[in-house]
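This report concerns only the one structure given below.
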């Protein structure tokens, strides 16, 4: 039984899984209807209209927790009347792991070898001692930097707020991102999708990259101008692309990216449901506990920046 002063938390929509209810209870929360809630745990990352409809019912709620790190579906709802939190950093470890896997697979020719049915000539380039540029300085970047340490890479991070980062050689302001493209063996996209970052990689950026470089996208498909990417891959302007996200998504079966030998595609599985469940549950439990204590919540959304 919850204590009388337990935080009153609503879990919505009705299709929310039971394990999130358990995570709320583990944080000391008391499950209540939306109309009685001081905080709302929103479980559906793809239904902003339902959340918009639910907010008036949850008129006393002070806090809303969103499930994903990317909040582009909900950014029009973000206001100053609530404290908004999202999944920032929750899924950083598995996503960074896939970014490294895609990068290694590209540089070492694993994708090309996987498509053949005969013994072929040797191809590939070391990541060891290479140069890696990461666009985005959040949790995914921090995790990837740690995973890269045994490879003795020169690492550049481009981020909105410049500060020193452990294991990073150069940190550049966001508007200097073109400077991070030249010379890099791997360019990794791990940034939030905003109006400023939509289409950030297109024809001009590909021309700045090295001819052998691989572009890895574990962020959002709309960061890349897809038609420009197809052209760059076909013409050998860059070495290849490893994509866990695409634009459009899902990628149609007849899309040319599927058949390009220098493109590796995974179906947005940087974080699978099996990986997500314990990670999101841990975040919800921690934030419910912090909410009860009046402490700062984890994964705060910047209402001005929109992420």
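Residue numbers (the working numbering): 22 to 328. We put the beta carbon where it would ideally sit given N, CA and C, even for glycine. This structure is a prediction, so every number in the text was calculated from the model and none was measured.
In this structure, DSSP gives residue 154 an extended state, which the three-state scheme calls strand.
Around the beta carbon of residue 228, a 10 Å sphere encloses fewer than 16 other beta carbons of the protein chains shown; the residue is thus reported as exposed.
Straight across, the Cα-Cα distance linking residue 287 with residue 200 is about 28 Å. Put simply, of 250, 84 and 243 the residue whose alpha carbon is nearest the alpha carbon of residue 271 is 243. In the structure shown, residue 140 adopts coil according to DSSP, grouped into three states. Cβ-Cβ separation between residue 179 and residue 193: approximately 5 Å, consistent with a contact (criterion under 8 Å). A Cβ-Cβ distance of about 5 Å is found for the pair residue 115 and residue 296, placing them in contact under the 8 Å criterion.
A distance below 8 Å between beta-carbons, with the five flanking residues on each side excluded, links residue 82 to the following residues of its chain, in chain order: 31, 55, 58, 59, 60, 61, 76 and 103.
The C-beta of residue 33 has 16 or more other C-beta atoms within 10 Å across all chains shown, which makes the residue buried.
In the DSSP assignment, residue 86 is bridged to 62 and 106. Annotation: the continuous alpha helix (DSSP H) that includes residue 161 extends over 160-169. Residue state for residue 177 is assigned as strand, using DSSP reduced to three classes.
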